[in-house]
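Asker: Got a structure here, written out as structure tokens. Questions coming.
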Amino acid sequence: MDGLSNYLERIQSAFQITLQKMQPKMVESMNENGVTPTQFYVLIYLWKQGSCKISELAEYMGVKPSAVTFMIDRLEQNNFVVREHDKKDRRVVNISLSTEGQEKLNTVIHARKVIAEKFLSYLSEDELAQFALIAEKLAEATTKEN
1 MDGLSNYLER IQSAFQITLQ KMQPKMVESM NENGVTPTQF YVLIYLWKQG SCKISELAEY
61 MGVKPSAVTF MIDRLEQNNF VVREHDKKDR RVVNISLSTE GQEKLNTVIH ARKVIAEKFL
121 SYLSEDELAQ FALIAEKLAE ATTKEN
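Under full-length UniProt numbering, read the sequence shown as residues 1 to 146, first letter to last.
Okay, here's the thing in structure tokens:
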């Protein structure tokens, strides 16, 4: 177990240093595109879900619906999302990405990818393949933990 502890310390230290360098560049990139990190999080969720209600988004984010309503108002003002009344129950309002919101999300994702590629360019092809396998294995392990 001592070996695991040593590896864990090395991994945590390396990730902390890497994230301290990458995070500000990611945030700056989002800001340049007129999107806050929280808005990016919401846009990604809407992209994955297709559409959702305010209450679903609030539950996912662990915040009150009023906070999400305020955020959706801002995203709607920027034409990133649209509100639509449910066809079966007009009292229900669904939120989804607008065409402009999808385009903005694609732009931000591309900018983030460029930043990540810059950091990953320090790895060889073999190291990238190993890193991808390890990341996939860890992702698989997290699904088993739930």
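Virtual Cβ for every residue (Gly too), placed ideally from N, Cα, C.
Give the range of the alpha helix (DSSP H) segment to which Arg112 is assigned.
Answerer: Here residue 112 corresponds to residue number 112 of the sequence shown, with the count starting at 1. Start and end: Thr99 to Leu120.
Asker: For Ser5 and Phe131, I'd like the C-alpha separation in whole angstroms.
Answerer: Counting from 1 along the sequence shown, the entry for residue 5 is found at position 5. Counting from 1 along the sequence shown, the entry for residue 131 is found at position 131. The straight-line gap from Cα to Cα measures roughly 20 angstroms.
Asker: So what does DSSP say about Arg90, is it helix, strand or coil?
Answerer: Stepping through the sequence shown from its first residue, residue 90 is reached at position 90. DSSP places Arg90 in coil when its eight states are reduced to three.
Asker: Can you check which of these residues, Ser124, Val108, Pro65 and Gln20, is closest to Asn33 by C-alpha distance?
Answerer: Within the sequence shown, numbered from 1, the residue matching residue 33 stands at position 33. It is Val108.
Asker: Using 10 angstroms around the beta-carbon of Gln39, count the other beta-carbons present and answer buried if the total reaches 16, otherwise exposed.
Answerer: Here residue 39 refers to the residue found at position 39 when the sequence shown is read from its first residue. With 16 or more other Cβ atoms within 10 Å, it is buried.
Asker: When DSSP labels each residue in this structure, what does Lys21 get in the three-state scheme?
Answerer: Here residue 21 corresponds to residue number 21 of the sequence shown, with the count starting at 1. If DSSP states are grouped into helix, strand and coil, Lys21 belongs with the helices.
Asker: For Ile115, which residues in the same chain have their Cβ closer than 7 angstroms to its Cβ, ignoring the five residues on either side in sequence?
Answerer: Within the sequence shown, the letter at position 115 stands for residue 115. Answer for Ile115: Met22, Lys25, Met26 and Ser29, listed in chain order.
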